[in-house]
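Protein chains in written order, with my numbering: chain P, 59 to 191; chain V, -1 to 170.
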């Protein structure tokens, strides 16, 4: 492969050279940030029930940036969410053409994990509450 | 194990390394992407940022480690299943930094389209832009040849995100 950026050849051989690498947030259980707090006040134990709000639903939104290439963004969506390529490409094009794409929605805790994973890949990912829409 | 060895022109790449190192040093204390973390609980924000910075540090360390003494002898860098992911990420971090700092006078459309004539750029922008292109080319090489390894993971962990989605995608 030859181009103006200094690449002059690309031989390929089979020689393993281990380099330490870091598992991403999804592989390691992610950051320890989930804001899960008991929603039961003292004396109300008998009437406990599960509530989504304010834990969810939340949206993970990826915002456009002019730096990361389309192929890179597709790779990240496939890696982080396990999307098949057509779906990853659809979200990438939304980001590119509309400036943003909602890539996931659900409980706050999981949304945080996904947002963190996307940020590890240097994408501009934010969380939005569905209730704000 | 799939491995790519790339022979680089020392005369082209060596002058870029100082710039890469300088950008890398700045990113020791600064997240590359323009994220605010405002949507993260204040209690967790510092830990969140620290973990992002730690990861970024490891990526950049791996990238800069490619350009060791051996590189200056033979001009070869190698990418494989073990380092592909961190190198791709490191390139992204450095490109974001270059864009925000050294290339901020260029328009988004110029950068996205690649319609930039290096020789017409002011001298001060030529090296940063070459560096930006160089890092992007490394990324594309790796994605082209090692994307399967990245998706699989360095230890073959294979299982990425659940792919769970509530069908609310695309309502920007």
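Cβ atoms here follow ideal geometry from the backbone N, Cα and C, with glycine treated the same way.
Note down the Cα distance separating residue i from residue j, rounded to an integer number of angstroms.
i              : j              : result
residue 102(V) : residue 182(P) : 18 Å
residue 149(P) : residue 71(V)  : 43 Å
residue 134(P) : residue 176(P) : 7 Å
residue 144(P) : residue 173(P) : 21 Å
residue 172(V) : residue 147(V) : Nothing can be reported for residue 172(V), as the shown portion of chain V is limited to -1 through 170.
residue 186(V) : residue 157(P) : Nothing about residue 186(V) can be read from this structure; chain V reaches only from -1 to 170.
residue 140(P) : residue 50(V)  : 21 Å
residue 129(V) : residue 120(V) : 15 Å
residue 137(P) : residue 124(P) : 21 Å
residue 43(V)  : residue 34(V)  : 10 Å
residue 188(P) : residue 115(P) : 6 Å
residue 172(V) : residue 69(V)  : No information on residue 172(V) is available, as it lies outside the stretch -1 to 170 that chain V covers here.
residue 180(P) : residue 120(P) : 11 Å
residue 132(P) : residue 9(V)   : 33 Å
residue 36(V)  : residue 151(P) : 26 Å
residue 97(V)  : residue 142(P) : 30 Å
residue 126(P) : residue 41(V)  : 30 Å
residue 47(V)  : residue 55(V)  : 12 Å
residue 45(V)  : residue 90(V)  : 22 Å
residue 39(V)  : residue 165(P) : 15 Å
Less than 8 Å between the beta carbons of residue i and residue j, yes or no?
i              : j              : result
residue 178(P) : residue 134(V) : no
residue 122(P) : residue 153(P) : yes
residue 14(V)  : residue 132(V) : yes
residue 79(V)  : residue 144(V) : yes
residue 57(V)  : residue 88(V)  : yes
residue 61(V)  : residue 85(V)  : yes
residue 31(V)  : residue 109(V) : no
residue 167(P) : residue 185(P) : no
residue 22(V)  : residue 123(V) : no
residue 5(V)   : residue 74(V)  : yes
residue 129(P) : residue 141(V) : yes
Run through DSSP, which three-state label would residue i get?
i              : result
residue 113(V) : coil
residue 162(P) : strand
residue 91(V)  : helix
residue 46(V)  : helix
residue 24(V)  : helix
residue 78(V)  : strand
residue 0(V)   : coil
residue 174(P) : helix
residue 7(V)   : coil
residue 33(V)  : coil
residue 184(P) : strand
residue 119(V) : coil
residue 125(P) : coil
residue 138(P) : helix
residue 103(V) : coil
How should residue i be labelled, buried or exposed, when 16 other C-beta atoms within 10 angstroms of its C-beta is the threshold for buried?
i              : result
residue 87(P)  : Note on residue 87(P): pLDDT 42, under 50, position unreliable in the model; the coordinate value appears next. Its Cβ having fewer than 16 others within 10 Å, residue 87(P) is exposed.
residue 26(V)  : exposed
residue 137(V) : buried
residue 151(V) : buried
residue 113(V) : exposed
residue 116(V) : exposed
residue 159(P) : buried
residue 111(V) : exposed
Could you name the residues of chain B that residue i contacts, counting a contact when the two beta carbons are closer than 8 Å?
i             : result
residue 90(V) : Considering every chain present, this structure includes no chain B. Its protein chains are P and V.
Taking residue i as the reference, give the member of the options with the closest Cα.
i              : options                           : result
residue 18(V)  : 31(V), 99(V) and 111(V)           : 99(V)
residue 118(P) : 130(P), 125(P), 155(P) and 163(P) : 163(P)
residue 66(V)  : 39(V), 11(V) and 115(V)           : 11(V)
residue 149(V) : 116(V), 97(V), 45(V) and 81(V)    : 81(V)
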